[in-house]
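*Asks:*
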Amino acid sequence: MSHHKSEPAHAAPAPSDPHTAMDSHAVDLPTYIRRCAVIFLVILCTTAAMIATSFAHFGEGWTLKVAIILAIAVVNAFLVAGYLMHLLSEKKMIYTVLSFTVFFFIGLMGLTVWATNNFPIGTVNH
Amino acid sequence: MEIPYTVELRPDTGVYNAKLGIWLFLASEVMLFGGLFSAYVLLRVGAEPGMWPHGWLDVRLGTINTLLLALSAITTLLAWVSCKVRQFGKFKFFHACTICLALGFLCIKSYEYHDKWIHYEVDLTSGKIADGHLVEKSPDFDLVKKTGTVTLHGRIVDDRRDLMDLRTPEARAAKLDEVTIKASDIQKMENYGPKHNTYTAIYFTMTGLHALHILGGTLVIAYLWGPGSALWRRDPERFTNRIEVSGLFWHFVDLVWIFLFPVLYLT
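For the protein sequence lines, the chains are B and H, in the order given.
Each residue of the first sequence is one higher than the one before, counting from 595 in this note's numbering.
Each residue of the second sequence is one higher than the one before, counting from 1310 in this note's numbering.
1. Could you check where the beta strand (DSSP E) with Gly1441 of chain H kicks off and where it finishes?
2. What does the Cβ neighbour count give for Pro1362 of chain H, buried or exposed, with the cut at 16 atoms within 10 Å?
3. Name, please, each residue of chain B whose Cβ falls closer than 7 Å to the Cβ of Pro1571 of chain H.
4. Is there a Cβ from chain H that is less than 8 Å from the Cβ of Ile633 of chain B?
5. Rounded to whole angstroms, what is the Cα-Cα separation between Tyr1574 of chain H and Gly1371 of chain H?
6. Along the chain, which unbroken stretches of the alpha helix (DSSP H) at least 4 residues long are found entirely within the stretch 1382-1456 of chain H?
7. For Met1340 of chain H, go through chain B and note every residue whose CB falls closer than 8 Å to its CB, in chain order.
8. In chain B, which residues lie less than 9 Å from Gln1396 of chain H when you measure between Cβ atoms?
9. What did DSSP end up calling Pro609 of chain B once you bin it into helix, strand or coil?
10. Classify Ile715 of chain B as buried or exposed, calling it buried when 16 or more other Cβ atoms lie within 10 Å of its own Cβ.
11. If we ignore side chains and look at the alpha-carbon of each, how far apart do Leu1475 of chain H and Ala1482 of chain H end up?
12. Using three-state DSSP, classify Gly1525 of chain H as helix, strand or coil.
13. Thinking C-beta only, is Thr641 of chain B closer than 8 Å to Thr1407 of chain H?
14. Taking its Cβ as the centre, do 16 or more other Cβ atoms sit within 10 Å of Ala603 of chain B, making it buried, or is it exposed?
15. Would you please state the rounded distance, in angstroms, between the beta carbons of Glu1553 of chain H and Val1316 of chain H? I believe it to be under 8 Å.
16. Closer than 7 Å by beta-carbon distance: list the chain B residues that pair up with Ser1347 of chain H, in chain order.
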């Protein structure tokens, strides 16, 4: 521990190559700040678009509105997962894990949609 | 004992162990929230026509919370980048921002819960329904003994359907006043808590579970910002990986909110 005493309060040894030392993500703070600013602006716009769609008049039903709003939400999710979570440049092992997740999630939602309007007799009033 | 692959990449997986671990955990979380979204879909399509609530939640507060979480996801990422480029001071700043934004989110959520907790629907013996926020109960108010009065800030409607869609022009134009009701005129009085109807049940379940995730994530981030940051001096690379792993969890929490907000507030 003695070697730490000669270092500044929170100094740590610099990595040999910050871009590739322990993972493949290129790291540069100003670049990231610019990228994050763009992402935040897009999220701001998409959120505004969702709210505008929600209050817009598309006739009587909610189906089209829900579809459009969820499509915009998917864009937001893509930004967060793709860029903030680095899923666009992740390792094959992570994609393998997530492919199982996607498969089971689609299965779960597929079963849900399949079960729609298929209620046991006596459980609904209409 | 040396724990293997906390920093170096494992040859067979290509990632360090904690990263694979957090992704496996997040995969299970997707299924957990997926089950709740599935329940939401079934409850919604199973509701009687005109009986699924719209406009019960404050879109302004939901929007602020959406932006708070989006900002916190960004500050979390920047905290990790700061560690990567060995700027500990900036890491401290960005993670402090994350903690403040997370606490802001929880404060707003608490306010929304409180608002629902003091919002009552009262079935009157006349067949009408009084709906509004609790102003006061008289000291002798007792629903069993039928004594005293309760005052709500709201309105009285003839049909429960009038309370379901608060975005209709009629609902928006409705004048809210103080309504004092005698206990003897009350058939049933219930707040907008989880047991009120299937909408509030799924709303409190989904947002409650999400808020617990926010709380847990905030505690972890606060630990890494405070006492846990001592690891930075001993092993900065390992500390950076911890920040990445906690950041991945935080982004997932943001991801869940990205769908909760439109589903519960906007549709």
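Glycine is no exception: its CB is placed at the ideal position from the N, C-alpha and C atoms.
*Replies:* So, from the listed chains and residues:
1. Taking the first residue of the second sequence as position 1, residue 1441 of chain H is located at position 132. Where Gly1441 of chain H is concerned, the enclosing beta strand (DSSP E) stretches over Ile1438 to Lys1446.
2. Stepping through the second sequence from its first residue, residue 1362 of chain H is reached at position 53. By the 10 Å Cβ count, Pro1362 of chain H comes out buried.
3. Working through the second sequence from its first residue, we reach residue 1571 of chain H at position 262. Chain order gives the chain B residues near Pro1571 of chain H as Met644, Ile663, Leu664 and Ala667, where near means a beta carbon separation below 7 Å.
4. Position 39 of the first sequence holds residue 633 of chain B. Nearest CB-CB separation between Ile633 of chain B and chain H: below the 8 Å threshold.
5. Taking the second sequence and counting its residues from 1, one reaches residue 1574 of chain H at position 265. Taking the second sequence and counting its residues from 1, one reaches residue 1371 of chain H at position 62. Going by the C-alpha atoms only, they are around 7 Å apart.
6. With a minimum length of 4 residues, the continuous alpha helix (DSSP H) runs that stay inside the stretch 1382-1456 of chain H are 1397-1426.
7. Counted from its first residue, the second sequence places residue 1340 of chain H at position 31. Residues of chain B passing the Cβ test: Thr695, Phe698, Phe699 and Leu702.
8. Position 87 of the second sequence holds residue 1396 of chain H. By Cβ distance, chain B contributes Leu623.
9. Start at 1 with the first residue of the first sequence, and residue 609 of chain B comes out as number 15. Bear in mind that the predicted position of Pro609 of chain B carries a pLDDT of just 46, short of 50, making it too unreliable to give a figure here.
10. Walking along the first sequence from the start, residue 715 of chain B turns up at place 121. If you draw a 10 Å sphere on the C-beta of Ile715 of chain B, you find fewer than 16 other C-beta atoms in it, and that means exposed.
11. Within the second sequence, the letter at position 166 stands for residue 1475 of chain H. Within the second sequence, the letter at position 173 stands for residue 1482 of chain H. One C-alpha to the other measures close to 10 Å.
12. For the purposes of this step, residue 1525 of chain H is identified with residue 216 of the second sequence, where counting begins at 1. Note: Gly1525 of chain H maps to helix in three-state DSSP.
13. Against the second sequence, residue 1407 of chain H aligns to sequence position 98. Against the first sequence, residue 641 of chain B aligns to sequence position 47. Annotated as distal: Thr1407 of chain H and Thr641 of chain B, with beta-carbon spacing of 8 Å or more.
14. Numbered from its first residue, the first sequence carries residue 603 of chain B at position 9. Only weak support exists for where Ala603 of chain B lies, its pLDDT of 43 falling under 50; the value from the coordinates is given anyway. By the neighbour-count rule (16 or more Cβ atoms within 10 Å), Ala603 of chain B is not buried but exposed.
15. For this step, residue 1553 of chain H is matched to residue 244 along the second sequence. For this step, residue 1316 of chain H is matched to residue 7 along the second sequence. In this structure, Glu1553 of chain H and Val1316 of chain H do not form a Cβ contact; the two beta carbons are roughly 11 Å apart against a cut-off of 8 Å.
16. Mapped onto the second sequence, residue 1347 of chain H falls at position 38. Result: Leu702, Met703 and Thr706.
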